[in-house]
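Below you'll find the structure, written out as structure tokens, and then a few comments.
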Amino acid sequence: MLGTELIDHEIDNPARNDAVLVEVTRGDRVESVHRGHAVICDADGEVTWSLGDPQAIIYPRSSCKMIQALPLIESGAAKAAGLGPRELALACASHQGAAIHSGPISEWLTRQGFADEDYRCGAETPRDKPTREALIRAHGAPRQIHNNCSGKHAGFLTLNRHLRGGPDYELPDHPVQQAVRAAFEEVTGEPSPFYGIDGCSAPNFATSMTGLARAMARFAAARPDGDARERAMVRLREAMVAHPELVAGEGRACTELMRAMDGVAIKTGAEGVFVAILPAQRLGVAVKITDGTTRASECAVAALLVRLGVLDPAHPATVRRMRPMLRNWRGTEVGAIRPAPALLG
């Protein structure tokens, strides 16, 4: 049994065959590195470029929220609820809990007859500093609507009502999560080998790096006049592009980098995951940093977007992620974060 556990651990370990994606310098020397995997897939689901192991199995975490939102549209629940681009962007969001996020979501819940108590994501202190400080001054308590996944869960609640499921929509065997799993496996093109419970209590289905990039490529290649799934994909990616401030928030990489590009949707996930949807190129991108560091995933995805010609390397939002300077407490420049040469091509 122990031997089997060790073999399984090696198979599932994302550190196997990873590559250096990001370097951290001090002076003119590389002080440390961030390793991981990066994959680009085309509209046919084929890998066109990779670094590290394209078959590494990972949890996509919040990078796959647009996949989790597919049943919301495909079931007819979004249409029945009158959801527009703003709500769909929030369904894909990992937001800051600012008023621009919690306000529209609260209105969405109220229209559907839901309350904060119907959520299963858990209360979270708002990540938006002004909102957090205002809550403290008012002696208020964080609510579930402040959870960075509350938009996704509003989508789950809306889908659940349409499916007439029980209240525990976050459970893996619930019809909502079964619909999510079916969509996830179909667009990744492979069965999910296992799942873990995410920070918001919903199951997060594992897939390979290639599967995640393939799913993003399918979003990229989807046509407005395609089948029901393609139309749903177009609605979600266009909602994200139209409302980048809702997908993340001011100062966040997703928001700032989407604003710096034309029609490209990107989404971060916890533990160093990042994906990108490039409709004009019909390409999907997936990045995973083995040590889970956000600074490295942002650097790597920015470098790949520059490599693919959709992001200006000189744009301030790009520089802040792709080549940020490191300064000490006196403000002296002492080093930098930069993509590894292999990432740049």
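Okay, so the sequence shown: first residue is 2 according to the working numbering, each after it adds one.
For glycine and all other residues, C-beta sits at the position ideal for the given N, C-alpha and C.
Residue i - partner residues in DSSP beta bridges
i, result
"residue 59", "208"
"residue 269", "275"
"residue 31", "26"
"residue 289", "38 and 274"
"residue 284", "279"
Range of the contiguous alpha helix (DSSP H) that encloses residue i
i, result
"residue 300", "295-308"
"residue 254", "254-260"
"residue 236", "229-243"
"residue 112", "100-112"
"residue 322", "317-323"
"residue 194", "It is not in any alpha helix (DSSP H) - residue 194 carries neither H nor E in the DSSP assignment."
Beta-carbon contacts of residue i that lie in its chain and below 6 Å, excluding the five residues immediately before and after
i, result
"residue 67", "93 and 237"
"residue 25", "32, 33 and 338"
"residue 4", "Low per-residue confidence applies at residue 4: pLDDT is 38, beneath 50, and the placement is therefore not dependable, though the value from the model is reported in the following sentence. So no residue of the chain qualifies."
"residue 346", "308"
"residue 287", "40, 210, 213, 214 and 276"
"residue 129", "97, 98 and 99"
"residue 186", "192 and 193"
"residue 16", "291"
"residue 323", "300, 303 and 304"
"residue 14", "none"
"residue 240", "86, 89 and 90"
"residue 171", "121, 202 and 203"
"residue 64", "268, 270, 274 and 276"
Own chain, CB closer than 7 Å to residue i, minus 5 neighbours either side, in chain order
i, result
"residue 232", "225"
"residue 35", "22, 23, 290, 292, 294 and 297"
"residue 188", "68, 216 and 219"
"residue 96", "102, 149, 152, 247, 249 and 250"
"residue 331", "none"
"residue 244", "86, 87 and 90"
"residue 255", "245, 248, 249, 267, 268 and 269"
"residue 72", "160, 180, 181 and 184"
Simplified DSSP state of residue i, which is helix, strand or coil
i, result
"residue 95", "coil"
"residue 201", "coil"
"residue 21", "strand"
"residue 312", "coil"
"residue 328", "strand"
"residue 84", "coil"
"residue 64", "helix"
"residue 224", "coil"
"residue 72", "helix"
"residue 349", "This structure does not reach residue 349, given that the chain is present from 2 up to 346, and the question cannot be answered."
"residue 1", "The displayed coordinates of the chain run from 2 to 346. Any statement about residue 1 would go beyond what the structure contains."
"residue 44", "coil"
"residue 343", "helix"
"residue 16", "coil"
"residue 79", "helix"
"residue 218", "helix"
Beta strand (DSSP E) segment containing residue i, residue limits
i, result
"residue 340", "334-340"
"residue 51", "48-52"
Same chain, Cβ closer than 8 Å to residue i, five either side skipped, listed in chain order
i, result
"residue 119", "110, 158 and 168"
"residue 336", "25, 26, 27, 28, 32, 326 and 327"
"residue 56", "209, 210 and 211"
"residue 76", "160, 163, 164 and 180"
"residue 117", "110, 144, 145 and 146"
"residue 221", "44, 238, 278, 279, 280, 282, 283, 284 and 285"
Residue i beta carbon near the ligand GDP (any heavy atom closer than 7 Å)
i, result
"residue 188", "As far as ligands go, the structure on display features none, and thus does not contain the ligand GDP."
Length at least 3, wholly inside the segment 114-176: the beta strand (DSSP E) runs in chain order: none
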